[in-house]
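Heads up: the sequence shown at position 324 corresponds to 324 in my numbering, and the numbers run straight through without jumps.
Written out below as structure tokens is the structure these notes cover.
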Amino acid sequence: MATLKDVARAAGLSITQTSRALNDHSDVNETTRKRVKAVARSLNYQANISARKLVTGRSGMVALVVPQSTNLAEDGLFMEGVAGLSAQFSGRGMQFVLHVTRPQEPVIEVYKRLIGNGVLDGFVLFSPSDDDPRAAFLRDNDIPFVVHGRIGPAPDHAYFDIENEGILHQMASHLTGLGHRRIALINGRPGLSFASARLRGYRRALEQAGIAFDPALTRHGEMTEALGLVSTVEMFRQGDRPPTAIICSHVHIAKGVYKALEALGLGIPGDVSVMAHDDHLPALRASAFFPALSVTKAPLRDSWEPLADCLAGLLEGRPLKELQRVGPHELIIRNSTGPAPEPFDKDEP
1 MATLKDVARA AGLSITQTSR ALNDHSDVNE TTRKRVKAVA RSLNYQANIS ARKLVTGRSG
61 MVALVVPQST NLAEDGLFME GVAGLSAQFS GRGMQFVLHV TRPQEPVIEV YKRLIGNGVL
121 DGFVLFSPSD DDPRAAFLRD NDIPFVVHGR IGPAPDHAYF DIENEGILHQ MASHLTGLGH
181 RRIALINGRP GLSFASARLR GYRRALEQAG IAFDPALTRH GEMTEALGLV STVEMFRQGD
241 RPPTAIICSH VHIAKGVYKA LEALGLGIPG DVSVMAHDDH LPALRASAFF PALSVTKAPL
301 RDSWEPLADC LAGLLEGRPL KELQRVGPHE LIIRNSTGPA PEPFDKDEP
């Protein structure tokens with residue numbers, strides 16, 4: 001196994017300079033740090049965690065804590081995140097740890113135990129809620145963390161996010177511009193920050209178009225094909241004024257919506273227009289839907305580098321304002337959206 005001395009010799013530097021480069025000391029320029037890390041990777045060098053912590057006060061280890069689930073390995077979003085973050089932290093000379101909690105284990109107790117071990121430098125938080133107890137606990141204990149999303153209207157934490165409110169506002173505005181007034185939203189779980197932001201954007205677009213918000217046209221839950229299928233069938237069978245357009249918070253939901261509309265004998269977009277947000281997962285391409293799905297697109301893979309960079313920056317003491325980032329998205333209109341159909345009752349608003 002390669003030692004620090006081997007890396008120093010290959011890099012043409014002293015052991016002290018090599019150690020400081022590997023540990024991101026500010027007195028070593030970025031070009032040298034990158035060169036030394038590349039040499040270390042080529043030699044398969046692994047720093048001794050105890051020695052690193054003694055020298056720098058940091059272990060170089062960060063963690064993601066997730067609840068145990070029977071389908072974690074089948075969750076494309078989750079696996080994309082784990083693989084992407086692991087690669088990004090590894091490229092920074094850090095180690096990314098996945099910790100899966102036991103069923104019904106209180107999450108704060110898990111964080112207390114992990115912090116008490118004194119091994120981890122910080123955490124990545126997924127799926128933040130509007131009032132997230134994990135963030136409150138970590139903040140109160142001065143533990144560095146970065147969030148994939150934003151908590152509250154004025155977040156005081158490091159994050160990488162997309163404009164969830166703007167995304168839904170853009171989709172709903174596109175549909176109101178086509179004459180739709182009965183627009184449904186099938187959203188993520190209530191209380192999750194992104195789902196709350198998307199609901200705000202949806203409602204704002206309706207208000208700007210002079211359309212009253214109708215709770216009967218919204219559904220919340222796990223963003224699965226089943227949610228899309230069941231929600232669509234419910235809205236068409238239970239209401240006398242079903243939607244003429246459906247917005248889905250994820251393409252998985254849209255897949256279920258397509259199946260439900262086909263089973264109900266309804267055409268897309270002639271009878272019902274459909275839009276979705278697309279994380280651009282390789283296994284589910286919106287362009288492969290028939291008809292091709294109109295979307296807002298923000299590839300999930302674009303999140304991992306800024307998340308890793310923000311947490312690494314936090315550990316280096318960089319200003320918080322540099323570690324609060326919002327990524328771009330684009331609106332792509334395909335063949336699943338069209339003008340609102342003429343109402344059967346001409347007096348219907």
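Note that CB positions come from ideal geometry on N, CA and C, so glycine has one too.
These numbers were taken from a predicted model, which means no experiment stands behind them.
| Asked | Found |
| --- | --- |
| Could you check what DSSP says for E330 in three-state terms: helix, strand or coil? | strand |
| Would P351 be called buried (16 or more neighbouring beta carbons within 10 Å of its own) or exposed? | Any answer about residue 351 is impossible in this case: the structure gives the chain only from 1 up to 349. |
| By the 10 Å Cβ neighbour count, where 16 or more other Cβ atoms means buried, how is E80 classified, buried or exposed? | buried |
| Given a threshold of 16 other Cβ atoms within 10 Å of its Cβ, counted over all protein chains shown, does F290 qualify as buried or as exposed? | exposed |
| How is the beta strand (DSSP E) around T296 delimited, first residue to last? | 294 to 297 |
| Are the CB atoms of P243 and I183 nearer to each other than 8 Å? | yes |
| Which partner residues does N350 have in the DSSP bridge list? | Given a span of 1 to 349 for the chain in the structure shown, any question on residue 350 remains unanswerable. |
| Considering only DSSP beta bridges, list what L192 is partnered with. | S129 |
| How long is the line joining the alpha carbons of L314 and G60, rounded to whole angstroms? | 13 Å |
| Are the CB atoms of I211 and R181 nearer to each other than 8 Å? | yes |
| Looking at L185 and I247, is the spacing between their C-beta atoms short of 8 Å? | yes |
| Skipping 5 residues on each side, what residues in its chain have a beta carbon closer than 6 Å to that of V28? | R20, A21 |
| First and last residue of the alpha helix (DSSP H) that includes Q95? | Run containing Q95: none in the alpha helix (DSSP H); it sits in the beta strand (DSSP E), 95 to 101. |
| For H169, which option in N187, F160, L199 has the closest C-alpha, if you only look at C-alpha atoms? | L199 |
| Taking the straight line between their C-alpha atoms, what separation do you get for L77 and V230? | 22 Å |
| Looking at Q88 and A308, is the spacing between their C-beta atoms short of 8 Å? | yes |
| Can you confirm whether the stretch 171 to 181 touches the stretch 106 to 121 when touching is taken to mean that 3 or more C-beta pairs between the two stretches lie within less than 8 Å? | no |
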